[in-house]
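Enquirer:
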Amino acid sequence: LALPCWHLQASATSLSARSSVFPVTASPAAAATTATHTAQPVYSECGGELSASSVEGEVGVLTSPGYPLQYSSGLHCVWNIKAPEGMRVTLSIQEFEVTATPDCEEDYLAVDKTGTGADTSTESVKRLCGGLDDVVTTYISDGNVLTLTLQTSQDGETCKGFKATYDVQEAVVTCGATVSQPSFVFVHPAAPDPVPANTTTECTLTILHECKSPVCQLRLDFEYLSLQPPELGDCRSDSLLIHGQNLVPELCGQNTGQHVYVDVSGRLSSKLYVVTSPLLKRPIGHKAENQTDQDDSWEYEIENDRGWKIRITQLPCDDCNTDAPAIARAPEGCLQYYTSTTGVISSFNFDGSKRDLEPCWNGTEPDCGRKVWTGHLNHLHHQICVQQQEGYCGIIYEPTGPDAFLLTGQATYEGVEHRKNKYGSSQCQSDYLVVAKSRTPGDNDPWAHDRFCGLALGNYVTGPIVSYSLPFMLEVHTDDDEFSQSVDTQNRGFQLRYTQLPCGAPYLFNGDQKFVG
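Going by UniProt numbering, 175 is the number at position 175 of the sequence shown; the sequence numbering is gapless.
Below is the structure:
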């Protein structure tokens, strides 16, 4: 038995009247969406291929043919709404009036979130009929295509149909997901709130390399990555592990803004593992004057801002694939890859710090609660590459500040004049950088060197270093601990600003200078 349209209209009027008694307040998010979205021209043809815009605030509008007049009998309209690769289609039904029958047998709007063109009678497809209050109004596609089908009977009552808006959103996944999309965002389960301080998390993400073309690399952009810091260079509490063909270091601490490339050529899938442990408090004694008793308080050394938002992009092997993301693949062997003429390169956990509560006996000591660097990571052996730009033949690296190169030795809060640089294979054997055939401009040492360590950068004199060796590349090496080779404390790591040098610029080496390792 079909319900006539006047019945649906009466229901809608009744609902509207009741809603005035109990006003509905739009959420701030909904209000913002209404205020900022810009509608595209209305599409009302019977079927077609539609593209959802990735421009922020731009939405598409789709209606049944003839809307808001009644639709015709005998319609079979199929719309495929497609989002860019790695994104999903969001459909929001604004108005809806389709003749209601049991199980929506006659007139219906079918929503296929898989976008595969599945039969409208299958469980994966949702048939809708009746009024707006009878249907779910928001749908998100599983992939980047959502399919709508409007089917109307050959005779009988018809209604005014539907009006819907569509736009795109990022594909966001969390722990336990298995993903095959070319691009998506991986977040911790509590996002946007921090990881709870007193819980243990064991999180796995599986990435299937089932794209249209074979996948050679993953690029992981750490839009936010904050974990517990290393202890003497080791990730003993929290860690991020990435399994691919190349060796990717175990990561912890503060790594927001960093990125890594993972070789996955020949693999059907890859995995990411994130483990977090409860934050532990340390005791601090508070001894009042003229009292023998001491009260202990327990405080955290680090702020509980732990969490992650990692943008993951699958990069195909085929350079001719026009559907591929516009991100360059890294040269073989490069864990990180920079493609601009100038930029900043940092070691992992360069910004990691904590309140040092180790010297706190009664809570009044001068060093109690001081800020200390939690340091670079151990077991690092990787290459950082810079793409040579056309017309550039050299590159210069310079620390971004006085604490921006601390690799070997005991760093203190004394003036930078007490910090010494080391260079060459005889002095740098534990933690060091390698920049091939490089030296400090103005250095009169007849030999150039490639290894740099210590508490300042430079060859015979401290300062920036220049290399004309191709390809532009840094090698990072750290040993297994911070005390067997040398007693290293407060070794923050490095943060270097690089600038490529034009081929026509003055040559910064003396012509008779030679190179040794």
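Where is the CB? At the ideal position from N, CA and C, for every residue including glycine.
Take every Cβ of the region 154-169, pair it with every Cβ of the region 223-243, and state whether three or more of those distances are shorter than 8 Å.
Expert: no
Enquirer: Using only the alpha-carbon positions, how far apart do Q228 and L268 sit?
Expert: Taking the straight line joining both Cα atoms gives about 32 Å.
Enquirer: Helix, strand or coil: which one does DSSP assign to V252?
Expert: In the sequence as displayed, the identity of residue 252 is Cys instead of Val. For C252, the three-state secondary structure derived from DSSP is coil.
Enquirer: Just grab the DSSP bridge partners of V461 for me.
Expert: For V461, which the question treats as bridged, DSSP gives no partner whatsoever.
Enquirer: With DSSP collapsed to three states, give me the class of L132.
Expert: helix
Enquirer: Which same chain residues, not among the five before or five after Q181, have their C-beta less than 6 Å away from its C-beta?
Expert: G86, A171
Enquirer: Cα separation between P84 and S54?
Expert: 7 Å
Enquirer: Assuming N421 is part of the beta strand (DSSP E), what are its boundary residues?
Expert: DSSP places N421 in the uninterrupted beta strand (DSSP E) bounded by 421-423.
Enquirer: Hey, would you say T137 sits closer than 8 Å to V61, going by beta carbons?
Expert: no
Enquirer: Nearest by alpha-carbon distance to H209: which of T462, C104, D107, I312 is it?
Expert: Taking only the C-alpha atoms, the option nearest H209 is I312.
Enquirer: What is the DSSP secondary structure of C317, reduced to helix, strand or coil?
Expert: coil
Enquirer: If you run the structure through DSSP and keep just helix, strand and coil, what is D356?
Expert: strand
Enquirer: If you draw a straight line from the C-alpha of C368 to the C-alpha of G352, how long is it?
Expert: Rounded to whole angstroms, C368 to G352 spans 18 Å at the Cα level.
Enquirer: Note the first and the last residue of the continuous beta strand (DSSP E) segment covering W79.
Expert: 76-82
Enquirer: If you pair each beta-carbon of the region 339-349 with each one of the region 211-218, do three or more pairs fall below 8 Å?
Expert: no
Enquirer: Within 10 Å of its beta-carbon, does T13 have 16 or more other beta-carbons around it, so buried, or fewer, so exposed?
Expert: Because T13 sits at a pLDDT of 35, beneath the cut-off of 50, its placement in the model cannot be relied upon, and the following sentence gives the value as read from the coordinates. With fewer than 16 other Cβ atoms within 10 Å, it is exposed.
Enquirer: Have a look at the DSSP bridge pairing and note the partners of P229.
Expert: Beta-bridge pairing links P229 to no other residue.
Enquirer: Do you know how far the Cα of Q500 is from the Cα of P399?
Expert: 15 Å
Enquirer: Measuring straight from C-alpha to C-alpha, what distance separates C235 and S430?
Expert: Using only the alpha carbons, I get a separation of about 19 Å.
Enquirer: Can you name the residues that DSSP bridges to V61?
Expert: V42, T165
Enquirer: So what does DSSP say about C393, is it helix, strand or coil?
Expert: strand
Enquirer: Pop quiz: P65 and L50 are said to be a contact at Cβ under 8 Å. What is the actual Cβ separation, rounded to whole angstroms?
Expert: Distance from P65 to L50 at the Cβ level is roughly 14 Å; contact not present, criterion being Cβ atoms closer than 8 Å.
Enquirer: Do you know whose CA, among Q490, Q383, T440, lies nearest F472's CA?
Expert: Q383
Enquirer: Going by DSSP, which residues form a beta bridge with F452?
Expert: Y423, L433
Enquirer: Going along the chain, which residues of its own chain have a beta-carbon closer than 6 Å to the beta-carbon of Y338, five neighbours each way excluded?
Expert: V386
Enquirer: Please go through the same chain and pick out, in chain order, the residues whose beta-carbon is closer than 6 Å to the beta-carbon of Y460, but skip the five residues on each side of it.
Expert: D443, D445
Enquirer: On the CB-based measure, 16 or more other CB atoms within 10 Å of its CB, does P502 come out buried or exposed?
Expert: exposed
Enquirer: According to DSSP, simplified to helix, strand and coil, what is D234?
Expert: strand
Enquirer: Cα-Cα, which of D450, A404, I465, R419 is closest to I395?
Expert: I465
Enquirer: Note down, in chain order, each residue of its chain lying with its Cβ closer than 6 Å to the Cβ of Q495, except the 5 sequence neighbours on either side.
Expert: Excluding residues within five positions, the ones whose Cβ falls inside 6 Å are S346, F350, T400, A404.
Enquirer: Examine the Cβ distances between the region 473-480 and the region 422-440 and report whether three or more of them are shorter than 8 Å.
Expert: yes
Enquirer: Select from T374, S277, E95 the residue whose C-alpha is nearest the C-alpha of E202.
Expert: S277
Enquirer: Here's a check: name, in chain order, each residue in its chain whose Cβ is nearer than 8 Å to the Cβ of E365, leaving out the five neighbours to either side.
Expert: P359
Enquirer: Report yes if the C-beta distance between T206 and K271 is below 8 Å; otherwise report no.
Expert: yes
Enquirer: Throw me the rounded Cβ distance for the N255 and L279 pair, which I believe falls under 8 Å.
Expert: 18 Å between Cβ atoms; not a contact.
Enquirer: In three-state terms, what does DSSP make of C428?
Expert: Look at C428 here: in three-state DSSP terms it is coil, with no helix or strand label.
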